[in-house]
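Here this note's numbering is used: position 245 in the sequence shown is 230, and no number is missing along the way. Glycine residues also receive a C-beta, built at the ideal position from the N, C-alpha and C atoms. Report on the structure given below.
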Amino acid sequence: MIDAKATLEPVMMDRSGDSGPLLSALNPDLLIDAPGPFQDAGPDPYHLVKTCIALGVCYLDLADATAFVAGISSFDDAAKESGGFVLSGCSSFPALSFAALAALKPGFADIETVTSGIAPSPKVRMGLNVVKAVSSYAGKPVALLHDGKPATGHGLMDGMRQTIAPPGSIPLNSRRFALVDAPDLVLLPRALPGLKSTFTGAGTEPQILQRLLGLCGWLVRLKLLPSLSPFAPLFRRVSQRLGFGEHRGGMFVAVTGAAIDGSRLARSWHLIAEGDDGPFIPAMAAEAIVRGWLSGRKPQPGARPAAGELTLADFAPLFSRFSIHSGIRDDSPSEENTPLYRRMLAGAWDSLPPAVAAMHDSTVTRTVEGRARVERGTGLAARITAAIIGFPTDNPDIPVSVRFECADGRETWIRTFGETSFRSVQSAASGRDTYLLAEDFGPFRVLIALVPDKGRLRLVIRGWRFLGLPLPLFLAPGGETFEEERDGIFRFHVEITSPLTGLIVRYTGWLRPPG
């Protein structure tokens, strides 16, 4: 193992000025160019790149501007002659996005569409340079592919809806992603000649701010303003004061195409960062490259975008330092013989305890039996609610059976406590609720995230509906609900409470498959 360390020395330098004398005096091995916006790098945007090449200093940047990243290859011969490397776009796009793309490609004969996006936490205070970069292309033409032909979208005005949901994690709220000017839109057609459609977007919350910025983009699109960049300080102040929503951010890359046998394939990679951990992600590609170099894997000489320079394995140890969860989903047309929970959990299925997995790993009708303890709420509203649904009455020890009727990718659960039965229907939700488990109790639908956690399968409520109409989440039935294995036996803990009624019912116990 190589015990190598980098030496860091802070200095002040004007990236747009004559940095040659200072760099020559410092004689660094590597320069990392992090300040933006690279969309507005001046009349000589590669001034610093040329200086580094002339001095034999390796260079990488965190650029996210399409023209800047795509144009870096023009210095390839000069960089090779100097013996160093020049890598542009060592950030979420394209370094991390292309690493995810490489992980999604196996099994495809042809990839036809690639969509991707980033969703920052609304509570993260974006720097002024980031807001300037986004404002600079609002309403302006953005080149992409559509139906196999070059097309033009408009920054922050065109969009698509997506849900970010790493397997086994609570998904982000479904949101609209607005088109952004990202290097992937130019680099993907070069890497995938048969590609038909591309899209890269940003999904910010609250969504109303994103839509307002898109509406302002009409001023640029209609040529009433040359750019929204002068308003970046105002946009930043507004976003900081209206940072409503969950303190979580994420990213996704999704591909569709044809398998070798001609069948349709669809896969997606998802990432969620909790709290303040998201802003560390854009710098991780640069860190991964530096760590690789210190371990003896120096990038090859030449100048190029960082697309394909790293793999997800390079990012894994960096993600592990933070509350960052990622994984791949198979979004291909589902087969009816695939168990519902296995489909929902995707790669997180393997983390389930054996008894919990066995309970859900079937598509045939079956009945399991056991015993339970039932506690009912004492309030009038709780008793009425429990009676309407058919929940059992209090009993410290009662026989229980659950009949699973599986058909068309859905499961009907008939729970019988003694002589009392009630049923629900579980299925994979769609549309805005994609990647959530939908459980229907008559006119009510409860939307649930399946989350393996420390040996338990937690069922976390993320929304509910009445006759298809969304209801406030803070009024949704709650309580701790999970499945686990103890002493080799499947055990359940179901608690249903409401802010309006208090405890409605709590039942705990065990089940054992027949035979």
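Quiz item: What residue from Pro22, Phe459 and Pro338 has the CA that sits closest to Glu470's CA?
Solution: Here residue 470 refers to the residue found at position 485 of the sequence shown. Of the candidates Pro22, Phe459 and Pro338, the one whose C-alpha sits nearest the C-alpha of Glu470 is Pro338.
Exercise. Have a look at Phe93 and Pro105 and give me their C-alpha separation to the nearest angstrom.
Key: Along the sequence shown, read from residue 1 onward, the residue named residue 93 stands at position 108. Along the sequence shown, read from residue 1 onward, the residue named residue 105 stands at position 120. Each residue's CA atom was taken as its position, placing Phe93 and Pro105 some 30 Å apart.
Quiz item: By how many angstroms is the C-alpha of Glu190 removed from the C-alpha of Val479?
Solution: One-based indexing of the sequence shown puts residue 479 at position 494. One-based indexing of the sequence shown puts residue 190 at position 205. So the alpha carbons of these two residues sit roughly 33 Å apart.
Quiz prompt | CB of Ala50 within 8 Å of CB of Phe78, strictly | solution = Working through the sequence shown from its first residue, we reach residue 50 at position 65. Working through the sequence shown from its first residue, we reach residue 78 at position 93. In this structure, Phe78 does not lie closer than 8 Å to Ala50 by Cβ.
Quiz item: Should Ala292 be listed as close to the ligand SAM, given that the test is whether its C-beta is under 7 Å from any heavy atom?
Solution: This structure does not include the ligand SAM; it has no bound ligands of any sort.
Quiz item: Would Ala434 pass as a contact of Leu421 if the rule is Cβ separation under 8 Å?
Solution: Within the sequence shown, residue 434 is the residue found at index 449, counting from 1. Within the sequence shown, residue 421 is the residue found at index 436, counting from 1. Yes, they are a contact pair.
Quiz item: From this set, Gly293, Arg196, Ser317 and Leu330, which residue's C-alpha is nearest Ser311's C-alpha?
Solution: Here residue 311 is taken as the residue at index 326 of the sequence shown, counted from 1. Between Ser311 and the set Gly293, Arg196, Ser317 and Leu330, the nearest pair of CA atoms involves Leu330.
Practice problem: Verify whether the separation of the beta carbon atoms of Leu45 and Ala271 is less than 8 Å. | Solution: For the purposes of this step, residue 45 is identified with residue 60 of the sequence shown, where counting begins at 1. For the purposes of this step, residue 271 is identified with residue 286 of the sequence shown, where counting begins at 1. The answer is yes: Cβ separation under 8 Å.
Quiz item: If you compare alpha carbons, which of Ala413, Ile383, Phe402 and Ser406 is closest to Glu396?
Solution: Taking the sequence shown and counting its residues from 1, the one referred to as residue 396 is at position 411. Comparing Cα positions, the closest option is Ala413.
Practice problem: Rounded to whole angstroms, what's the CA-CA distance from Gly263 to Pro428? Just pull it up for me. | Solution: As a working mapping, residue 263 is identified with position 278 in the sequence shown. As a working mapping, residue 428 is identified with position 443 in the sequence shown. In a straight line, the C-alpha of Gly263 is about 38 Å away from that of Pro428.
Quiz prompt | Exposure of Arg306, with buried meaning 16 or more beta-carbon neighbours within 10 Å | solution = Numbered from its first residue, the sequence shown carries residue 306 at position 321. Burial call: exposed.
Quiz item: Out of curiosity, what's the CA-to-CA distance linking Ala423 and Thr185?
Solution: Locating residue 423 in the sequence shown gives position 438, counting from the first residue. Locating residue 185 in the sequence shown gives position 200, counting from the first residue. In this structure, the CA atom of Ala423 is about 29 Å from the CA atom of Thr185.
Exercise. Run the CB neighbour count on Thr107, radius 10 Å, all protein chains shown included, and call it buried at 16 or more, exposed below.
Key: What you label residue 107 is simply residue 122 of the sequence shown in a count that begins at 1. In the sequence on display, residue 107 carries Pro and not Thr. Its Cβ being crowded by 16 or more others within 10 Å, Pro107 is buried.
Self-check item: Presumed contact (8 Å Cβ cut-off) between Ala258 and Ser308, rounded CB distance
Solution: For the purposes of this step, residue 258 is taken as the residue at position 273 of the sequence shown. For the purposes of this step, residue 308 is taken as the residue at position 323 of the sequence shown. About 7 Å separates the Cβ atoms of Ala258 and Ser308, confirming a contact at the 8 Å cut-off.
Exercise. Figure out for me which residue from Asp61, Leu219, Val385 and Gly403 has the closest Cα to the Cα of Lys117.
Key: Along the sequence shown, read from residue 1 onward, the residue named residue 117 stands at position 132. Selection Asp61, Leu219, Val385 and Gly403 evaluated against Lys117 yields Leu219 as nearest (Cα-Cα).
Quiz item: CB Ala163 to CB Gly144, shorter than 8 Å?
Solution: Stepping through the sequence shown from its first residue, residue 163 is reached at position 178. Stepping through the sequence shown from its first residue, residue 144 is reached at position 159. Between Ala163 and Gly144, the C-beta spacing is below 8 Å.
Practice problem: Let me know the secondary structure DSSP gives His232 once reduced to three states. | Solution: Position 247 of the sequence shown, counting from 1, holds the residue named residue 232. His232 falls in the coil class under three-state DSSP.
Exercise. Measure the alpha-carbon distance for Leu485 versus Arg206 and round it to whole angstroms.
Key: The count along the sequence shown starts at 1 and reaches residue 485 at position 500. The count along the sequence shown starts at 1 and reaches residue 206 at position 221. Approximately 50 Å, taken between the alpha carbons.
Quiz item: Mind checking Ser59: buried by the 16 CB within 10 Å criterion, or exposed?
Solution: As a working note, residue 59 is residue 74 in the sequence shown. It is exposed - the Cβ of Ser59 has fewer than 16 other Cβ atoms within 10 Å.
Self-check item: Check whether Cys75 and Ile374 have beta carbons under 8 Å apart
Solution: Indexing the sequence shown from 1 puts residue 75 at position 90. Indexing the sequence shown from 1 puts residue 374 at position 389. No. Outside cutoff.
Practice problem: Pick out the complete alpha helix (DSSP H) segments inside the segment 57 to 111, 4 residues or longer, and give them in chain order. | Solution: Counting only runs of 4 or more, we get 61 to 67 and 82 to 89.
Practice problem: Tell me whether the beta-carbon of Ala48 lies closer than 8 Å to the beta-carbon of Val54. | Solution: As a position in the sequence shown, residue 48 is number 63, starting the count at 1. As a position in the sequence shown, residue 54 is number 69, starting the count at 1. Going by C-beta atoms, Ala48 is nearer than 8 Å to Val54.
Quiz prompt | Reduced DSSP category for Arg306 - H, G, I as helix; E, B as strand; rest coil | solution = Position 321 of the sequence shown, counting from 1, holds the residue named residue 306. In the three-state scheme derived from DSSP, where H, G and I count as helix and E and B as strand, Arg306 is classed as coil.
Quiz item: Applying the criterion that 16 or more other CB atoms from any shown protein chain within 10 Å of the CB defines a buried residue, is Val349 buried or exposed?
Solution: Looking up residue 349 in the sequence shown gives position 364. Around the beta-carbon of Val349, fewer than 16 other beta-carbon atoms lie within 10 Å, marking it exposed.
Quiz prompt | Every unbroken alpha helix (DSSP H) inside the segment 163 to 195 [4 residues or more] | solution = Within the segment 163 to 195, the runs of alpha helix (DSSP H) at least 4 residues long that lie entirely inside it are, in chain order, 169 to 176.
Exercise. May I ask you to list the residues that DSSP assigns as paired with Asp46?
Key: On the sequence shown, residue 46 is found 61 positions in, with the first residue counted as 1. DSSP, once it has assigned bridges, lists Asp18 as partnering Asp46.
Quiz item: What residues match up with Lys134 in a beta bridge as DSSP calls it?
Solution: The sequence position of residue 134 within the sequence shown is 149, counting from 1. In the DSSP output, where bridge partners are listed per residue, Lys134 has His131.
Quiz item: First and last residue of the beta strand (DSSP E) that includes Glu396?
Solution: Residue mapping note: residue 396 aligns to position 411 of the sequence shown, counting from 1. Arg395 to Phe402 is the extent of the beta strand (DSSP E) around Glu396.
Self-check item: Cβ contact check for the segment 2 to 21 and the segment 94 to 103: 3 or more pairs under 8 Å
Solution: Taking 8 Å as the limit for Cβ pairs, the verdict is that the segment 94 to 103 does not touch the segment 2 to 21.
Quiz item: Thinking just about the alpha-carbon of each residue, which of Phe83, Leu(-7), Val109 and Ser121 is nearest to the one in Gly520?
Solution: No answer is possible for residue 520: it lies beyond the span of the chain, which begins at -14 and ends at 500.
Exercise. Quick one: using the 10 Å Cβ neighbour count with 16 as the cut-off for buried, is Ser214 buried or exposed?
Key: Indexing the sequence shown from 1 puts residue 214 at position 229. Its Cβ being crowded by 16 or more others within 10 Å, Ser214 is buried.
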